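For reference, the structure is listed below as structure tokens.
Protein chains: 2
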Amino acid sequence: MIAEIISIGDELLKGGKVNTNAAFIASALGGIGVPVARIVTCADEEGAIAGVFSESLSRADIVLATGGLGPTRDDRTKKAAAELFGKLLVESDEAYRLLVAWFSGRGRPLPETLREQAMIIEGSVLVPNTIGTASGMIVPCGERSQQRYLVLMPGVPAEMEMMMLKTVIPFFSARSSAVLLHTPVKTVGIGETMLAGLIVEVEDALPGGTKLAYLPHTAGVDLVVTTTGCESEAVRHENRAVVDAILLKAGHFVYATGDATLEETVGRMLAGSSMRIAVAESCTGGLIASRLTDVPGSSAYFLQGVVTYSNESKMRLLGVSPAMIEQYGAVSEPVAEEMARGCLLASGADIAVSTTGIAGPSGGSEKKPVGTVCIGIARKVTDGERAKAGTYRMYGTRLQNKLRFAEAALREVWKSLQEDGSGRPA
Amino acid sequence: MIAEIISIGDELLKGGKVNTNAAFIASALGGIGVPVARIVTCADEEGAIAGVFSESLSRADIVLATGGLGPTRDDRTKKAAAELFGKLLVESDEAYRLLVAWFSGRGRPLPETLREQAMIIEGSVLVPNTIGTASGMIVPCGERSQQRYLVLMPGVPAEMEMMMLKTVIPFFSARSSAVLLHTPVKTVGIGETMLAGLIVEVEDALPGGTKLAYLPHTAGVDLVVTTTGCESEAVRHENRAVVDAILLKAGHFVYATGDATLEETVGRMLAGSSMRIAVAESCTGGLIASRLTDVPGSSAYFLQGVVTYSNESKMRLLGVSPAMIEQYGAVSEPVAEEMARGCLLASGADIAVSTTGIAGPSGGSEKKPVGTVCIGIARKVTDGERAKAGTYRMYGTRLQNKLRFAEAALREVWKSLQEDGSGRPA
Chain E
481 MIAEIISIGD ELLKGGKVNT NAAFIASALG GIGVPVARIV TCADEEGAIA
531 GVFSESLSRA DIVLATGGLG PTRDDRTKKA AAELFGKLLV ESDEAYRLLV
581 AWFSGRGRPL PETLREQAMI IEGSVLVPNT IGTASGMIVP CGERSQQRYL
631 VLMPGVPAEM EMMMLKTVIP FFSARSSAVL LHTPVKTVGI GETMLAGLIV
681 EVEDALPGGT KLAYLPHTAG VDLVVTTTGC ESEAVRHENR AVVDAILLKA
731 GHFVYATGDA TLEETVGRML AGSSMRIAVA ESCTGGLIAS RLTDVPGSSA
781 YFLQGVVTYS NESKMRLLGV SPAMIEQYGA VSEPVAEEMA RGCLLASGAD
831 IAVSTTGIAG PSGGSEKKPV GTVCIGIARK VTDGERAKAG TYRMYGTRLQ
881 NKLRFAEAAL REVWKSLQED GSGRPA
Chain V
481 MIAEIISIGD ELLKGGKVNT NAAFIASALG GIGVPVARIV TCADEEGAIA
531 GVFSESLSRA DIVLATGGLG PTRDDRTKKA AAELFGKLLV ESDEAYRLLV
581 AWFSGRGRPL PETLREQAMI IEGSVLVPNT IGTASGMIVP CGERSQQRYL
631 VLMPGVPAEM EMMMLKTVIP FFSARSSAVL LHTPVKTVGI GETMLAGLIV
681 EVEDALPGGT KLAYLPHTAG VDLVVTTTGC ESEAVRHENR AVVDAILLKA
731 GHFVYATGDA TLEETVGRML AGSSMRIAVA ESCTGGLIAS RLTDVPGSSA
781 YFLQGVVTYS NESKMRLLGV SPAMIEQYGA VSEPVAEEMA RGCLLASGAD
831 IAVSTTGIAG PSGGSEKKPV GTVCIGIARK VTDGERAKAG TYRMYGTRLQ
881 NKLRFAEAAL REVWKSLQED GSGRPA
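Protein chains in written order, with our numbering: chain E, 481 to 906; chain V, 481 to 906.
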């Protein structure tokens, strides 16, 4: 079975909005061995929608579409599909019941204008929506000898995600036989070209069923090892052998094999060694704390953070001396080290990380250009504490630099925790 | 002129990566009146690439493709296009010069293996890359009577963005005659259905050249008013009239007309009234501080932030009394109010905002379920300070709740500043 994804919405074509839904759907389909051959975005317009539906249904077994199921006038997907198949829209009893329940959960009656949200194409399978109002549906189409399916889901990410996980994936999982395995290999602190150089021999010797892809992102590059086959054990084995070969060559830069983020990896290491972390941020402005606390359960190890943007607050909250700022400048290794040390002492944490730098676009100088960041790490040790700092240089816009500074700071925490031996990637 | 966008890359089809490039390109083309009819994502595979190129070139005047120009083996775009057109790849002198300069700027000689990055399709216009190694190109194709263009750019966002702004947009801007105007109308604190209800009369009376789209996102909904026409002044006038009509009905919820984010709007108000802000975050974990400091120049008004995840840190850094936490619980309006007040006093800021809540997935109770947040605002006034707090309820995952909590907190800051009369949307 091959799938195509169709994202419907003028907002995606005019660039107001990034298409995160397609990535989610593709990833979920990959999990049940259904590869995605194409993703198409088209306008909120009945002719365009019907045209793209026919084209995709002529190539793929499963076509999954999101968007255009809402209650407003620019929502035209259901009508376009019904007309394409020459079918009627009928009210689903279950969808109506869910709709009434959704409103009563918010203490309101169902507005008559929204009752239309419970209508689905006749002959289709309802994909229930328990967290929103638009009904999803799986529409069987094509000849009986070559059954095809059109899946319609709302464009609101949380609603689509719930529908995929609860209904759509189980529905197609029962109908798929291929095995497809993706293993992300996540690196930090190395660029695409250097990484490719390290693993050239692995690429030269890739087994037939396995592909290797590079995913550069703002703060680094990840690899994905994809293996396809018919037999689950053989696929797992071949995939694992390639991942192991990569770890042998570039393991020093790999913080996770699998879906873990850098903050999850760091969090797992902190939790595993019962350590608590505190953060002192200048140029990253709270981003490191925010990433660390994105992880469920982070309250077990995240103690506190301070965002000391002004020199004044660096002195007040972290005890950095005015003389030190005067002598070395706010963006300097001594200040980063002192920030980390002050943060450690003020919070009582076991490890503290600090950033001070110039995200830009202005504020740079010849000696300290935009993109410069000093990162400090302080650790509690038996006889007190020890702190160190390093300077790094990034080449991006303000937001890219912030992301890269935060990534580098989390990497320094990861490296420091690794020295304790608390965990290589599993 | 109509455009289509092609995103090349297996990583986009397997869901490892969200397609942000297409959104950027669409938005930039909109700025010069070139609408995008379709966005297609296809695999890193020569047959698929050539097929999608032909299809798109049969429909659109300009086809812009990203990805597959890097130095690794999964980069096959240039070869696919050259074969499709039956053309050779030739080295561009300028691209070679830039490539050498890029490496020497990093203190390294050009590796011979990367020299291939300076090759472009014969007869095409080089799109120079000053921040990376892959050369972009504009390939003229089609008959002379109906000139079409294929634009190839790398998939690394910063490189593609630089190419679009410096070379591609100026190239096509000189060749476009249509006028297309998008005006975002950005709201906060209102859902799609309620907003649609408020502006139903505006939608009923939309002039012929104007469309209205709803862009729901994690923390709210934006509108986009799009007007097309041939004459710039008439388009601007019609578009402005619709925006004004929306403001008349729903202006209370509109924080910006245009591209400003909520943090930029708040930042402009703070800067305009020479006020300084401080932030005390529990459940938002640094996200509010990070958003405020995403804005260039925010050091002028952002004083400091604290992330007080533990009760201990709420007491130590913000002076919240243990008795108050004991009596009301950490997630309560009195504690939120005290956090904001403590943050104001400790920092010397003019306004402080605080959050304490339960992002989930665990930690909720019947009285205070996951998704509950208390937001405090404290303001310096002539005879001391005044503080207040409110409780809000969201219905999402941990990350969605964090985003919505932060949005609500920034909204409360915006509302508080508005009471001073420091600015409705322009």
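We treat Cβ as the ideally placed atom computed from N, Cα and C, and that holds for glycine. Treat the numbers as computed from the prediction; the structure is a model and nothing was measured.
Specify the secondary structure class of Asp684(E) as computed by DSSP and reduced to three states.
helix
Assuming Ala886(V) and Glu813(V) form a contact by the criterion Cβ under 8 Å, report the distance between their Cβ atoms to the nearest whole angstrom.
Glu813(V) and Ala886(V) do not touch by the CB rule: their CB atoms are close to 18 Å apart, not below 8 Å.
Which first and last residues belong to the alpha helix (DSSP H) in which Gly531(V) is found?
Glu526 to Arg539
Note down, one range per segment and in chain order, each alpha helix (DSSP H) of at least 4 residues found wholly within the stretch 646-732 of chain V.
649-653, 672-678, 680-684 and 712-730
Mind checking the stretch 856-878 of chain V against chain E and listing, in chain order, the residues whose C-beta falls within less than 9 Å of any C-beta there?
Tyr875, Gly876, Thr877 and Arg878
Can Cys522(V) and Ile482(V) be called in contact, C-beta distance under 9 Å?
Against a cut-off of 9 Å, the Cβ pair of Ile482(V) and Cys522(V) comes out as no contact.
Taking only the alpha-carbon atoms, compute the straight-line gap between Leu630(E) and Ile542(E) and give it to the nearest angstrom.
6 Å
At a cut of 8 Å, does the stretch 701-714 of chain V reach the stretch 647-666 of chain V through at least three beta carbon pairs?
yes
Kindly list the residues whose CB is nearer than 6 Å to the CB of Ala528(V), restricted to its own chain and excluding five residues on each side of it in sequence; keep chain order.
Cys522
For a test of the three-state rule: what should DSSP assign to Thr610(E), helix, strand or coil?
coil
Tell me the residue span of the alpha helix (DSSP H) that contains Ala803(E).
Pro802 to Tyr808
Once DSSP output is grouped into helix, strand and coil, what is the label at Leu569(E)?
strand
Three or more C-beta pairs closer than 8 Å, one from the stretch 793-805 of chain V and one from the stretch 832-845 of chain E: is that the case here?
no
Using only alpha-carbon positions, find the residue among Glu761(V), Tyr576(V) and Gly513(V) that is nearest to Pro589(V).
Tyr576(V)
Use the C-beta contact count for Pro687(E): other C-beta atoms within 10 angstroms, 16 or more gives buried, fewer gives exposed.
exposed
Return no unless some Cβ of chain V is closer than 9 Å to the Cβ of Pro905(E).
Model confidence at Pro905(E) stands at a pLDDT of 44, short of 50, so the residue's coordinates are unreliable; what they give is reported in the following sentence. No - not a single Cβ of chain V is within 9 Å of the one on Pro905(E).
In this structure, does DSSP put Cys854(V) in helix, strand or coil?
Secondary structure of Cys854(V) (DSSP, three-state): strand.
Can you find a C-beta in chain E that's less than 9 Å from the C-beta of Thr552(V)?
yes
Between Thr707(V) and chain E, is there a C-beta pair that is closer than 9 Å?
no
To the nearest angstrom, report how far apart Glu641(V) and Ala699(V) are at their CA atoms.
27 Å
Flag Glu892(V) as yes if its beta-carbon sits less than 9 Å from any beta-carbon of chain E, otherwise no.
no
Between Val668(E) and the ligand FAD, is there a pair consisting of the residue's CB and a ligand heavy atom that are separated by less than 8 Å?
For the ligand FAD, the structure offers nothing, since it holds no ligand at all.
Return yes when the Cβ of Ala581(V) is within less than 9 Å of the Cβ of Ala530(V), no when it is not.
no
Contact defined as beta carbons within less than 8 Å: I believe Ile486(E) pairs with Ser536(E). What is the distance between those atoms, to the nearest angstrom?
6 Å
Since I believe Phe782(E) is in contact with Ile757(E) (beta carbons under 8 Å), could you give me their beta-carbon distance rounded to a whole number of angstroms?
About 6 Å; that satisfies the 8 Å criterion.
By alpha-carbon positions, which one of Val665(V), Pro776(V) and Gly616(V) ends up nearest to Gly843(E)?
Pro776(V)
Name the two residues that bound the continuous beta strand (DSSP E) containing Cys522(V).
Val516 to Cys522
Going straight from the alpha carbon of Glu899(V) to that of Glu846(E), what length do you get?
44 Å
Is the stretch 822-831 of chain V touching the stretch 743-761 of chain V, taking contact as three or more C-beta pairs under 8 Å?
yes
Rounded to whole angstroms, how far is the Cβ of Ile855(V) from the Cβ of Ala888(V), which I believe are closer than 8 Å?
6 Å
Rounded to the nearest angstrom, what separates Thr667(V) and Thr557(E) at their Cα positions?
About 25 Å.
Based on DSSP bridge pairs, tell me the residues matched to Met617(V).
Bridge partners of Met617(V) according to DSSP: Leu606(V) and Leu632(V).
Within the continuous beta strand (DSSP E) that includes Val833(V), where are the two ends?
Ile831 to Gly837
For Tyr918(V), name the three-state secondary structure that DSSP assigns.
Residue 918(V) is absent from the structure shown; chain V starts at 481 and stops at 906.
Going by C-alpha distance, which of Ala867(V), Arg518(V), Val532(V) and Ser584(V) is nearest Thr610(V)?
Ser584(V)
Looking at the unbroken beta strand (DSSP E) that takes in Arg873(V), where does it start and where does it end?
Gly864 to Arg873
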